Amino acid sequence: MKYRFLGTTNIRASVIGLGTYPLGGWMWGGTDASAAVRTIQTAIDCGINLIDTAPMYGYGLAEEIVGNAIHDRRSQVVVATKCGIVWDTEDWASGKGELHFYADENGLTQKANHYRFYRYLKPESIIREVEASLKRLRTDYIDLLQTHAQEHTTPIEETMAALEKLRDQGKVRAIGSSNVTRTQLESYCHSGTLDSTQEPYSFINRSVEENGILETCHLNQVSLLAYAPLEQGLLTGTLRPDFQYPEGDFRKSNSRFVAENVNRMNVALERLKPIQEQHNFSVSQLMLAWVVSRYEKMHVLCGMRNQKRIEENVKAGTVILSENEMQLMDQLFDLNLYKRSLESK
Numbered sequence: 001m002k003y004r005f006l007g008t009t010n011i012r013a014s015v016i017g018l019g020t021y022p023l024g025g026w027m028w029g030g031t032d033a034s035a036a037v038r039t040i041q042t043a044i045d046c047g048i049n050l051i052d053t054a055p056m057y058g059y060g061l062a063e064e065i066v067g068n069a070i071h072d073r074r075s076q077v078v079v080a081t082k083c084g085i086v087w088d089t090e091d092w093a094s095g096k097g098e099l100h101f102y103a104d105e106n107g108l109t110q111k112a113n114h115y116r117f118y119r120y121l122k123p124e125s126i127i128r129e130v131e132a133s134l135k136r137l138r139t140d141y142i143d144l145l146q147t148h149a150q151e152h153t154t155p156i157e158e159t160m161a162a163l164e165k166l167r168d169q170g171k172v173r174a175i176g177s178s179n180v181t182r183t184q185l186e187s188y189c190h191s192g193t194l195d196s197t198q199e200p201y202s203f204i205n206r207s208v209e210e211n212g213i214l215e216t217c218h219l220n221q222v223s224l225l226a227y228a229p230l231e232q233g234l235l236t237g238t239l240r241p242d243f244q245y246p247e248g249d250f251r252k253s254n255s256r257f258v259a260e261n262v263n264r265m266n267v268a269l270e271r272l273k274p275i276q277e278q279h280n281f282s283v284s285q286l287m288l289a290w291v292v293s294r295y296e297k298m299h300v301l302c303g304m305r306n307q308k309r310i311e312e313n314v315k316a317g318t319v320i321l322s323e324n325e326m327q328l329m330d331q332l333f334d335l336n337l338y339k340r341s342l343e344s345k
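In my numbering, the protein residues as written are 1 to 345.
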């Protein structure tokens, strides 16, 4: 496993990180908490020390699972969690945060039948969230605290001042953002010391290259934590077109996962076999290695639920692909052709 420092800190994190959204169970068809704890401990044993979570993953359950998994090996891990998405059963007054979505225990809803999720980054809310997260995580410090989503009722300068204060108090070691625009990322960098940002990035989703976020990271020595690198299984090459997703799994109603689209992707991925064979990689390993190789301060977050998947993904963190290999991947896969085939349907 390769390791890189987060931002300009001395926090050394594995290039492959464990994303715990699936382990929280919510919108992923449920979870087995005991098995999830074992998954995290296996990941640590295999060299993964970066564990990413958030309060909204399972309404706090994912953080509790992480806390139970790491409480007796805290010094071995880099715990990254988030703030800025909170839920309530009541409507909020206009001007206090921004409505993110409606949800219940089973997933997203169209109406306010139960929970309202808000994006909210006022200092007093961040402080409350951090105290709750510390309790669930069974620790007295968070290695990396990230703003989960952005909103326009709180100036970034005000949010950043609260985060910097938490760092000064020793409750947070590093500060990150997530789901930002380039302008927002620049504002964070100008308002204090930002160490990372977490954004979607994969072989077929290169928006951070196109919208200037990756360039801004490079200019400011900000690490990039890439999430959804395998597009929720679509880029594994092993997803069966006829797979039946369980109730509560968001992919069940997502058009990207209908049989025709999954089959089209599997056919396109087959064309990458020459690069796979050079490194004795599976499709998943190649996809992860590609993201790791795009930037010298890149970390890739993967949702993993079993030992086999962990061991497979760890191998992807041992290789840096060359520019020539990545260019050949583009030629073999032909991303533009794939996108046009989707648009024609």
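Ideal Cβ placement from N, Cα and C applies to all residues, glycine included.
What you are looking at is a predicted structure, and each value in this text was computed from that prediction instead of being measured.
- In the three-state DSSP reduction, GLY237 falls in the coil class, being neither helix nor strand.
- Remark: three or more beta-carbon pairs, one from each stretch, lie closer than 8 Å, so the region 46–63 and the region 15–22 are flagged as touching.
- Residue GLU105 holds the alpha-carbon nearest to the alpha-carbon of TRP28 among PRO200, GLU105, LEU239, MET1.
- Here DSSP, grouped into helix, strand and coil, assigns PHE243 to coil.
- In the DSSP annotation of this structure, the continuous segment of the alpha helix (DSSP H) that includes THR42 starts and ends at 33–45.
- Note on ASP143: 16 or more other CB atoms within 10 angstroms of its CB, so buried under the neighbour-count rule.
- Excluding its 5 nearest sequence neighbours in each direction, ILE126 has C-beta neighbours in its own chain below 6 Å: CYS83, ALA162, listed in chain order.
- Within the model, the alpha-carbon separation for ALA226 versus GLU296 is close to 13 Å.
- Every unbroken stretch of the alpha helix (DSSP H) spanning 4 or more residues and falling wholly within the region 57–105 is given here in chain order: 61–70.
- Counting along the chain, the unbroken alpha helix (DSSP H) around LEU288 starts and ends at 283–292.
- For ILE51, the enclosing beta strand (DSSP E) covers residues 50–52.
- In the DSSP assignment, PRO123 falls outside any beta strand (DSSP E) and within the unbroken alpha helix (DSSP H) covering 123–137.
- Annotation for SER178: the continuous beta strand (DSSP E) segment containing it runs 172–178.
- If you look at THR109, you'll find it in the beta strand (DSSP E) that goes 107–109.
- CA-to-CA, the gap between ILE310 and CYS46 works out to about 8 Å.
- Under the 8 Å Cβ criterion, the region 114–130 counts as touching the region 92–103, having at least three qualifying pairs.
- GLY7 and ARG305 have their C-alpha atoms some 28 Å from each other.
- At the C-beta level, LEU230 and MET160 stay beyond 8 Å of one another.
- Per DSSP, the unbroken beta strand (DSSP E) holding MET298 starts and ends at 298–303.
- Under the three-state reduction of DSSP, GLN198 is assigned to strand.
- A direct Cα-to-Cα measurement between ARG264 and VAL258 gives close to 10 Å.
- Distances from the CA of GLY237 to each of VAL222, ALA268, ASP88 were compared; the closest alpha carbon is that of ALA268.
- Between the region 314–327 and the region 248–256 there are fewer than three inter-stretch CB-CB distances shorter than 8 Å, so the stretches are not counted as touching.
- A Cβ-Cβ contact shorter than 8 Å links TYR115 with TRP87.
- C-alpha of MET329 to C-alpha of LYS315: approximately 19 Å in a straight line.
- The three-state reading of DSSP puts GLN276 in helix, counting H, G and I together.
- Its chain contains THR9, ILE11, TYR141, ILE142, ASP143, LEU144, ARG167 as the residues whose beta carbon lies nearer than 8 Å to that of ARG173, once the 5 sequence neighbours on both sides are disregarded; these appear in chain order.
- Collapsing the DSSP output to three states places ILE16 in a strand.
- By the neighbour-count criterion, in which a residue is buried when 16 or more other Cβ atoms sit within 10 angstroms of its Cβ, PHE243 is exposed.
- Cα atoms of CYS217 and ALA103: separation of roughly 33 Å, rounded to the nearest angstrom.
- Secondary structure note for THR181: it is in no alpha helix (DSSP H), with a DSSP letter that is neither H nor E.
- A distance below 8 Å separates the beta carbons of SER196 and GLN146.
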